[in-house]
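These protein sequence lines map, in sequence, to chains A and B. Mind the numbering: the first sequence is residues 0 to 579 in numbering that gives the first Met the number 0, read in order. Mind the numbering: the second sequence is residues 0 to 184 in numbering that gives the first Met the number 0, read in order. Virtual Cβ for every residue (Gly too), placed ideally from N, Cα, C. Following: one structure in structure tokens, then a few remarks.
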Amino acid sequence: MSPFHSRLSLRNRNASSTSSSYSPPSSSSMSAGLDQNAFAGAPTAVSTSMRGMRRLEARRGLEESHYLASKARSAHLNAPVDMHMLEYVSNYDTNLMCPICRCPLVDPVILYDCDHCFCRDCLRQTWTEYTPAGPRGNCPTCRASTKLMGRGGVSKILVNILDELVVRCPKHEEGCKAEVKRGAIADHVNLYCEYAMVDCPSQTCELPLRRKDAKECLHYGVSCLDCHATMLLANLETHWEEECPDRKALCQLCQSSVNHRELQDHVDQTCPATSIPCTGAEFGCTVRSKRGEIEKHTKTCTLATLAPFLEAQKKRQDEQEQSQKLLARKVQILEGGFESLQKILYAQDPDLSAAEPSRIPLLEAQLHTGNNSTATADTDSSSDTLHFPAPPSNRNSSLSTDLTFPSFSPSDAFAIAASPPPQDFSFTPPPLQSSPFTSPLHHLLSMHEALRDEVARIAAALTDLDGRHSMLILNENLRLKEEMAYLGAQVSGVMRQVGWLTSARLQAQAQHSPHAAAQTAGGGESSQGSGGGGGGDGGGVQGAVNTAATALRGAARVVNVGREGMGLGRRATDEGRTKL
Amino acid sequence: MSTSSPLPRAATGSPGGSSSAAILLGRQFKQMQTDKDIPGISCGLVDNNIFEWEVMLMIADDCPGYGGGCFRARISFPSEYPLLPPKMKFETPIYHPNIYPSGEVCISILHPPEEDRYGYESAAERWSPVQTPETILLSVISMLSSPNDESPANVEAGKLWREDPKEFKKRVRKCVRDSQENAWD
Ligand SMILES: [Zn+2]
Ligand SMILES: [Zn+2]
Ligand SMILES: [Zn+2]
Ligand SMILES: [Zn+2]
Ligand SMILES: [Zn+2]
Ligand SMILES: [Zn+2]
Ligand SMILES: [Zn+2]
């Protein structure tokens with residue numbers, strides 16, 4: 000082991016204990032590089048004498064302090080590297096991504112309860128509440144209530160992988176081409192980056208300077224040769240490169256002098272000496288010539304002459320393709336809409352699904368005979384064909400024959416109303432067939448429109464049918480009520496007759512029985528007997544009359560019920576009418 | 000920094016600024032445009048501003064009610080994104096219990112977690128910084144087919160949805176049809 004080596008490790012320990020909390024693992028290699036640079040000229044075989052060691056120690060201490068000081072100064076002059084803004088050169092696994100900022104984890108923390116991982120800063124900004132026991136909160140990913148795992152929770156492997164990712168120097172916009180490992184980026188900016196700011200080497204000057212310029216103080220006024228503006232020498236380069244309005248540059252091709260900043264544009268667009276392809280190159284001409292001389296060629300080149308037309312054609316083709324795509328999408332949507340329409344149409348009345356193909360033309364025809372009449376008018380006119388026979392005068396007619404009204408079948412009724420012969424089910428309604436269409440799109444749109452109208456009409460027809468149906472039911476109901484009332488009256492009549500017959504019978508019995516009693520009791524008390532008999536007779540009549548009265552009342556109740564029912568029926572009918 | 004005037008800011012790979020929110024949004028925008036897994040969603044920027052997205056939702060036909068609809072919406076991200084949720088607003092008129100008549104979407108994942116003005120919402124349903132524009136759009140699409148009865152942003156639509164589903168469906172179909180016709184304007 001050379002002392003050089005041991006010195007390194009010692010130095011590293013010091014560095015990691017004293018330097019900032021951010022300690023990249025690769026700092027060892029970094030500092031090794033530094034040392035090698037510093038000792039490039041030093042003899043490798045260092046004498047092992049104590050004196051030499053001590054001298055080295057002293058020198059190392061000096062260097063250490065210099066290293067830290069320059070680092071601190073540099074950190075003061077350059078904004079700290081924002082690790083979230085770095086541009087990554089190497090591809091990285093998406094598992095290394097923080098779910099909040101969606102870039103590779105920076106100073107990762109792991110949550111105690113769910114093991115989810117975030118950048119420390121990202122989580123700090125999310126968890127705004129602090130508890131005495133430390134930060135607590137809900138995991139942004141799984142929402143579990145949890146806390147941070149200690150520093151030891153993050154695997155060294157993860158940190159190493161993250162620090163190995165290669166990033167572009169944050170000063171790349173200023174011109175630094177460096178691509179370094181992420182773990183070393185802070186050191187790159189603070190110690191090596193040529194475009195980072197450092198103190199001016201002059202003891203008296205306080206102004207900062209780019210590291211690459213820091214050989215002498217550049218902070219004195221100069222004036223630009225071209226525009227004669229006055230500025231610090233340190234800024235001259237930037238001015239010269241990007242700002243000077245008067246700086247001219249010589250075009251290498253045409254030897255003309257152009258504005259320095261416009262040189263590139265000149266070469267690309269206007270320089271007559273640049274070699275450019277024929278305008279017909281896209282269509283097959285392989286000729287290249289100087290911009291100034293291309294005219295000569297274009298005059299004779301067929302492809303160049305055709306180029307504008309071909310260009311226009313191509314453009315039109317692209318446009319057409321684009322609109323075709325749109326149309327395809329539109330057709331798809333319309334088809335979808337049409338399918339759902341069909342579904343609605345066929346699902347609404349499963350009973351009629353057998354008569355499917357003829358249904359729509361029939362309905363349409365029926366509605367057309369209504370001659371654009373309003374829905375109510377239509378109801379009126381069709382209620383004639385569907386008119387239900389008036390309540391039958393023949394009371395004896397059986398109910399079952401009356402109930403044959405379902406012989407009203409919609410298709411029949413429509414067949415009557417449909418004067419034009421039913422056509423085949425076509426999706427193009429008649430009024431639309433005649434008018435020409437400017438484009439298939441319009442055709443489709445109008446077809447869609449027509450279908451929509453049709454659905455609306457069918458819906459109207461359905462509600463109409465529904466109304467008629469309930470009307471029929473109510474009519475029938477009414478008639479049944481009347482029938483019942485009639486029956487009730489008849490029952491009461493029968494009751495009355497029965498009552499009368501019973502009372503007559505009872506009377507006859509009563510007249511008969513006292514006679515027999517008087518015969519068995521003897522004739523002595525005949526007057527009394529007859530008197531008692533008369534009393535018994537009277538009681539019997541009374542009983543008969545009572546039963547008759549009860550029977551009558553019962554009959555009356557039946558009749559009343561019948562009336563009530565009728566009344567109800569009528570009211571319901573009225574309601575039905577108003578509804579229709 | 001030197002005393003010279005600052006360099007013209009070069010594009011940082013994401014249009015419209017260089018804050019961390021802008022960088023994140025730029026990354027998510029690029030992802031959305033290249034992602035082939037999310038059919039029916041296309042997005043663009045309003046005035047090349049990364050904080051204003053315009054999205055076109057083409058609802059799949061199997062979505063009950065809104066299937067086949069083409070709805071244009073705008074998502075506005077705050078500068079605090081992703082700590083605070085964006086706002087989403089439909090530009091195409093859309094009839095839905097959870098969408099205000101103005102088009103603004105009222106969905107729990109767009110409500111910041113600390114704000115509890117809708118007391119019923121558990122924090123579990125609200126905004127979390129791991130949500131992405133993609134998850135927001137997917138939630139909105141699923142909201143279309145299953146409205147949340149508890150927070151009717153459009154009270155009339157909510158009432159109709161509860162009490163007269165037939166009429167509600169009719170209104171929805173109408174807005175879907177209108178959206179289809181306006182989709183190519
Ligand atoms: Zn993060
Ligand atoms: Zn979690
Ligand atoms: Zn650099
Ligand atoms: Zn100086
Ligand atoms: Zn100048
Ligand atoms: Zn030139
Ligand atoms: Zn040519």
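- Quick one: list the residues of chain B neighbouring Gly336 (chain A), beta-carbon separation under 7 Å, in chain order. Position 337 of the first sequence, counting from 1, holds the residue named residue 336 (chain A). Neighbours of Gly336 (chain A) on chain B, chain order: Gly67.
- Query: So is Pro81 (chain B) in contact with chain A if we call contact Cβ pairs under 8 Å?
  - Reply: The residue you call residue 81 (chain B) lines up with position 82 of the second sequence. So, interface residue.
- Asp177 (chain B) CB to nearest chain A CB: under 8 Å? Mapped onto the second sequence, residue 177 (chain B) falls at position 178. Taking Cβ atoms only, chain A never reaches closer than 8 Å to Asp177 (chain B), which makes this a no.
- Can you list, in chain order, the residues of the stretch 81-101 of chain A whose Cβ is nearer than 8 Å to any Cβ on chain B? Asp81, His83, Met84, Glu86, Pro98, Ile99, Cys100, Arg101
- Whose CB is closer than 6 Å to a heavy atom of ligand 4? List the residues in chain order. A:Cys199, A:Ser201, A:Cys204, A:Leu206, A:Cys216, A:His218
- Message: Quick check on Asn36 (chain A): buried or exposed, where buried means 16 or more other Cβ atoms within 10 Å of its Cβ?
- Response: Along the first sequence, read from residue 1 onward, the residue named residue 36 (chain A) stands at position 37. Its pLDDT being 42, under 50, Asn36 (chain A) is placed unreliably in this model, and the value from its coordinates should be taken loosely. When all chains shown are included, Asn36 (chain A) counts as exposed.
- Item | Where the stretch 119-144 of chain A meets chain B: residues whose CB sits under 8 Å from a CB there | Cys121, Gln124, Thr125, Thr127, Asn137, Pro139, Thr140, Arg142
- Could you have a look at Met29 (chain A) and say whether DSSP puts it in helix, strand or coil? By one-based count along the first sequence, residue 29 (chain A) stands at place 30. Annotation note: pLDDT 40 at Met29 (chain A) (below 50); position unreliable, coordinate value reported separately. Three-state result, Met29 (chain A): helix.
- Query: Who pairs with Val179 (chain A) in a beta bridge, going by DSSP?
  - Reply: Taking the first residue of the first sequence as 1, we reach residue 179 (chain A) at position 180. For Val179 (chain A), which the question treats as bridged, DSSP gives the partners A:Val166.
- Message: Against chain B, with Cβ distances strictly below 8 Å, would Ile332 (chain A) count as a contact?
- Response: Counted from its first residue, the first sequence places residue 332 (chain A) at position 333. Chain B contact via Cβ: present.
- Hey, would you say Leu122 (chain A) sits closer than 8 Å to Val108 (chain A), going by beta carbons? Within the first sequence, numbered from 1, the residue matching residue 122 (chain A) stands at position 123. Within the first sequence, numbered from 1, the residue matching residue 108 (chain A) stands at position 109. It is a contact, given that the beta carbons lie within the stated cut-off.
- Alpha carbon to alpha carbon, how far is His95 (chain B) from Ser138 (chain B)? Working through the second sequence from its first residue, we reach residue 95 (chain B) at position 96. Working through the second sequence from its first residue, we reach residue 138 (chain B) at position 139. C-alpha separation (whole angstroms): 14 Å.
- Message: Checking 8 Å against the spacing of the C-beta atoms, do Gly39 (chain B) and Ala59 (chain B) come in under that value?
- Response: Your numbering for residue 39 (chain B) matches position 40 in the second sequence. Your numbering for residue 59 (chain B) matches position 60 in the second sequence. It is a contact, given that the beta carbons lie within the stated cut-off.
- Outcome for Leu461 (chain A) when other beta-carbon atoms lying within 10 angstroms are tallied against a minimum of 16: As a first step, residue 461 (chain A) must be located in the first sequence, where it is residue number 462. Leu461 (chain A) should be labelled exposed.
- Item | Candidates A:Cys243, A:Leu326, A:Glu241, A:Val80: closest to Ser438 (chain A) by CA position | Your numbering for residue 438 (chain A) matches position 439 in the first sequence. Closest by alpha carbon: A:Leu326.
- Buried versus exposed, by CB contacts within 10 Å (16 or more), His441 (chain A): Numbered from its first residue, the first sequence carries residue 441 (chain A) at position 442. The residue is exposed, with fewer than 16 neighbouring Cβ atoms inside 10 Å.
- Item | Opposing strand residues paired with Thr130 (chain A) [DSSP bridges] | Residue 130 (chain A) sits at position 131 when you count from the first residue of the first sequence. Its beta-bridge partners are A:Gly133.
- Query: What did DSSP end up calling Thr501 (chain A) once you bin it into helix, strand or coil?
  - Reply: Residue numbering aside, residue 501 (chain A) sits at position 502 when the first sequence is read from its first letter. Helix at Thr501 (chain A).
- Message: Considering just the uninterrupted stretch of the alpha helix (DSSP H) at Met142 (chain B), what are its terminal residues?
- Response: As a working note, residue 142 (chain B) is residue 143 in the second sequence. Segment 132-144, the alpha helix (DSSP H) holding Met142 (chain B).
- Task: Evaluate Gly336 (chain A) with the Cβ neighbour count: other Cβ atoms within 10 Å of its Cβ, from every protein chain shown; 16 or more gives buried, anything less gives exposed.
- Result: By 1-based counting over the first sequence, the position of residue 336 (chain A) is 337. It is buried - the Cβ of Gly336 (chain A) has at least 16 other Cβ atoms within 10 Å.
- Query: If you measure from the beta carbon of Gln27 (chain B) to each beta carbon in chain A, is any gap under 8 Å?
  - Reply: Position 28 of the second sequence, counting from 1, holds the residue named residue 27 (chain B). At least one chain A Cβ lies under 8 Å of Gln27 (chain B).
- Message: For the beta strand (DSSP E) containing Phe167 (chain B), name the first residue and the last one.
- Response: Here residue 167 (chain B) refers to the residue found at position 168 when the second sequence is read from its first residue. Run containing Phe167 (chain B): none in the beta strand (DSSP E); it sits in the alpha helix (DSSP H), 164-181.
- Message: I want to check one thing, is the minimum distance from the CB of Tyr194 (chain A) to the heavy atoms of ligand 3 below 7 Å?
- Response: Your numbering for residue 194 (chain A) matches position 195 in the first sequence. The answer is yes for Tyr194 (chain A).
- Message: Distance cutoff 8 Å, beta carbons only. Does Ile22 (chain B) sit that close to anything in chain A?
- Response: Reading the second sequence from its first residue, position 23 is the one you call residue 22 (chain B). Chain A, which has a Cβ nearer than 8 Å to the Cβ of Ile22 (chain B), makes this yes.
- Message: Applying the 10 Å Cβ sphere with the 16-neighbour rule, what's the burial state of Phe117 (chain A)?
- Response: What you label residue 117 (chain A) is simply residue 118 of the first sequence in a count that begins at 1. Its Cβ being crowded by 16 or more others within 10 Å, Phe117 (chain A) is buried.
- Message: Strictly below 7 Å CB to CB, what residues from chain A border Asp60 (chain B)?
- Response: The residue you call residue 60 (chain B) lines up with position 61 of the second sequence. Ordered by position in chain A, the residues that pass the 7 Å Cβ test against Asp60 (chain B) are Gly335.
- Message: Could you check if Lys260 (chain A) belongs to the surroundings of ligand 5, using beta carbon to heavy atom distance under 7 Å?
- Response: Mapped onto the first sequence, residue 260 (chain A) falls at position 261. According to the sequence displayed, residue 260 (chain A) carries Arg and not Lys. For ligand 5, not one heavy atom lies less than 7 Å from the Cβ of Arg260 (chain A).
- Item | Neighbouring residues, chain A, relative to Val129 (chain B) (Cβ below 8 Å) | Here residue 129 (chain B) refers to the residue found at position 130 of the second sequence. The answer, in chain order, is Pro98, Ile99, Pro139, Thr140.
- Take Gly152 (chain A) and list the residues in its own chain whose beta-carbon comes closer than 6 Å to its own, dropping the five residues that flank it on each side. Here residue 152 (chain A) is taken as the residue at index 153 of the first sequence, counted from 1. The residues are Ile109.
- ligand 2 site residues, beta-carbon cut 6 Å against heavy atoms: A:Leu110, A:Cys113, A:His115, A:Cys138, A:Thr140, A:Cys141, A:Ala143
- Query: What does a CB cutoff of less than 7 Å around Met89 (chain A) pick up in its chain, not counting 5 residues either side in sequence?
  - Reply: If you number the first sequence from 1, residue 89 (chain A) lands on position 90. The sequence given here has Ser at residue 89 (chain A), not Met. The answer, listed in chain order, is Leu164, Val165.
- Message: Would you say the beta carbon of Ala228 (chain A) is closer than 7 Å to some non-hydrogen atom of ligand 5?
- Response: Working through the first sequence from its first residue, we reach residue 228 (chain A) at position 229. Yes.
- Rounded C-alpha distance that separates Trp126 (chain A) from Asp317 (chain A): Your numbering for residue 126 (chain A) matches position 127 in the first sequence. Your numbering for residue 317 (chain A) matches position 318 in the first sequence. About 52 Å.
- Ile293 (chain A) - containing alpha helix (DSSP H), residue span: Within the first sequence, numbered from 1, the residue matching residue 293 (chain A) stands at position 294. Here the alpha helix (DSSP H) through Ile293 (chain A) covers 293-299.
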